[in-house]
Amino acid sequence: DALRERSMRLLLMTCPLLRPASLRAVRGPLHLARSPGLAAVRLQLEAADGLRRRRSYCSAALHALDWQPLDSGGASWTRVPKLWQKMGEGAVLLRAHGIVPPEVREAVWALIPRLSFDRDADSVDGAPTFELRWAREGRFTHDGLAALLAETVEERLLPLLRRSPLCDQGSELVLCEALVRYYEDGRRRVHPAHFDADALVTAVFEVSPPDGFEGGFYVQPGAHVSSRLPVRLEAGEVIAHSFDLQHGVEVSSGTRCSLILWFADSAAACKDKSRPWYER
Numbered sequence: 038d039a040l041r042e043r044s045m046r047l048l049l050m051t052c053p054l055l056r057p058a059s060l061r062a063v064r065g066p067l068h069l070a071r072s073p074g075l076a077a078v079r080l081q082l083e084a085a086d087g088l089r090r091r092r093s094y095c096s097a098a099l100h101a102l103d104w105q106p107l108d109s110g111g112a113s114w115t116r117v118p119k120l121w122q123k124m125g126e127g128a129v130l131l132r133a134h135g136i137v138p139p140e141v142r143e144a145v146w147a148l149i150p151r152l153s154f155d156r157d158a159d160s161v162d163g164a165p166t167f168e169l170r171w172a173r174e175g176r177f178t179h180d181g182l183a184a185l186l187a188e189t190v191e192e193r194l195l196p197l198l199r200r201s202p203l204c205d206q207g208s209e210l211v212l213c214e215a216l217v218r219y220y221e222d223g224r225r226r227v228h229p230a231h232f233d234a235d236a237l238v239t240a241v242f243e244v245s246p247p248d249g250f251e252g253g254f255y256v257q258p259g260a261h262v263s264s265r266l267p268v269r270l271e272a273g274e275v276i277a278h279s280f281d282l283q284h285g286v287e288v289s290s291g292t293r294c295s296l297i298l299w300f301a302d303s304a305a306a307c308k309d310k311s312r313p314w315y316e317r
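Heads up: take any position in the sequence shown, counting from 1, add 37, and you land on this note's numbering.
Given below as structure tokens:
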């Protein structure tokens with residue numbers, strides 16, 4: 038405390054720009070103990086110190102992510118720390134190779150130019166969505182995408198999610214909503230950091246070739262962008278996460294197309310839009 042006090046005095050005496058507006062015109066030594074602006078300066082410095090500590094925490098935590106094998110199938114999972122929780126109690130993040138067969142991904146990619154994407158306002162940032170819903174309230178709504186993807190979702194992806202830490206033992210876990218999102222020059226480039234409030238579990242996989250763009254999916258455990266961690270997905274790889282993981286997308290160049298699937302813990306929760314996972 039004594040060192041911090043001396044540091045504040047030195048900063049205020051040597052750098053007028055750090056003084057409160059009411060004190061910037063003062064020349065020479067300041068009698069800080071009697072200055073009404075000292076408390077404000079102390080709060081500013083303490084806030085800056087707190088931000089530095091939080092950034093340091095996030096940076097260290099991200100580098101320390103401990104990926105654990107889920108099973109012999111090549112899937113792995115970890116927890117992403119959150120500022121309001123202790124280490125080891127963060128959001129669940131899962132990644133798995135080979136879930137989407139190459140021929141399925143290529144067929145979906147070939148279908149993309151023939152799709153018509155919506156441009157209504159996005160719920161996160163109000164920008165045009167450039168998305169297409171192909172499942173709604175647990176039912177497929179696009180015959181072409183359903184024909185290509187239903188088997189992969191029901192026989193490959195869902196069994197993986199149900200046996201992972203993303204899902205409680207014995208939970209039903211059903212597909213509720215699914216969409217395709219498109220990112221390119223002149224359309225959408227970013228999807229700001231957010232939480233998927235309407236899904237217990239979200240799964241994402243790239244449709245476009247991974248070498249066709251720069252950037253992509255990231256997780257952001259802290260409030261500041263410096264805590265972002267890019268997660269590069271390979272062709273056919275799926276990443277899935279719990280509802281309490283803050284994440285987003287930023288594409289700096291090229292064209293990115295991805296499939297997003299939202300899962301609920303029961304058909305009833307999907308239909309009536311209830312969110313029982315927030316009450317646990």
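Glycine included, each C-beta is placed from N, C-alpha and C at the ideal position.
Source: prediction; values computed, not measured.
In angstroms with no decimal places, state the Cα-to-Cα distance between residue i and residue j.
i	j	result
His261	Lys119	12 Å
Pro196	Ala187	13 Å
His179	Ala277	23 Å
Phe232	Asp309	20 Å
Ile149	Arg224	15 Å
Cys294	Val244	5 Å
Leu266	Ser153	32 Å
Glu209	Ile297	19 Å
Leu198	Gly273	16 Å
Pro229	Val161	7 Å
Asp222	His284	22 Å
Ser236	Leu194	Note on identity: in this sequence residue 236 is Ala, with Ser being the wrong assignment. About 16 Å.
Val256	Val268	7 Å
Glu174	Trp146	24 Å
Gly291	Arg132	24 Å
Arg116	Asp103	8 Å
Assign residue i to one of three DSSP states: helix, strand, or coil.
i	result
Ala172	strand
Pro196	helix
Ala236	coil
His180	The sequence given here places Asp at residue 180; His does not occur at that position. Helix.
Ala128	strand
Thr115	strand
Val161	coil
Leu212	strand
Asp103	coil
Asp108	coil
Ala147	helix
Arg312	coil
Taking its Cβ as the centre, do 16 or more other Cβ atoms sit within 10 Å of residue i, making it buried, or is it exposed?
i	result
Gln105	exposed
Gly259	buried
Ala234	exposed
Gly127	buried
Glu316	exposed
Ser279	buried
Asp108	exposed
Ala305	exposed
List the residues that DSSP assigns as beta-bridge partners of residue i.
i	result
Pro267	Tyr255
Pro229	Its beta-bridge partners do not exist; DSSP assigns none.
Phe242	Val275 and Leu296
Ser201	According to DSSP, which records beta bridges pairwise, Ser201 is partnered with nothing at all.
Val283	One detail in the question is off: residue 283 reads as Gln in this sequence, not Val. Gln283 is not bridged to any residue.
Ser290	Glu251
Tyr331	Outside the modelled stretch of the chain, which goes from 38 to 317, sits residue 331, for which no answer is possible.
Ala133	Val275
Asp155	Glu168
Ala305	None; Ala305 has no bridge partner.
Between the options, which has its C-alpha nearest residue i's C-alpha?
i	options	result
Ser289	Gly249, Cys213, Glu143 and Pro139	Gly249
Leu182	Val217, Ala234, Val241 and Asp281	Val217
Glu191	Leu131, Ala240 and Gly252	Ala240
Leu270	Gly252, Ser264, His284 and Phe280	Gly252
Tyr220	Val129, Ala144, Val286 and Trp146	Val286
Leu185	Trp299, Glu140 and Ala236	Glu140
Asp155	Gly163, Leu169 and Val145	Leu169
Ala144	Phe167, Pro246, Ala172 and Arg116	Pro246
Leu130	Ser311, Cys204, Ser264 and Trp314	Cys204
Ala164	Glu214, Arg226, Ala112 and Pro202	Arg226
Cys307	Val117, Asp103, Ala172 and Pro202	Ala172
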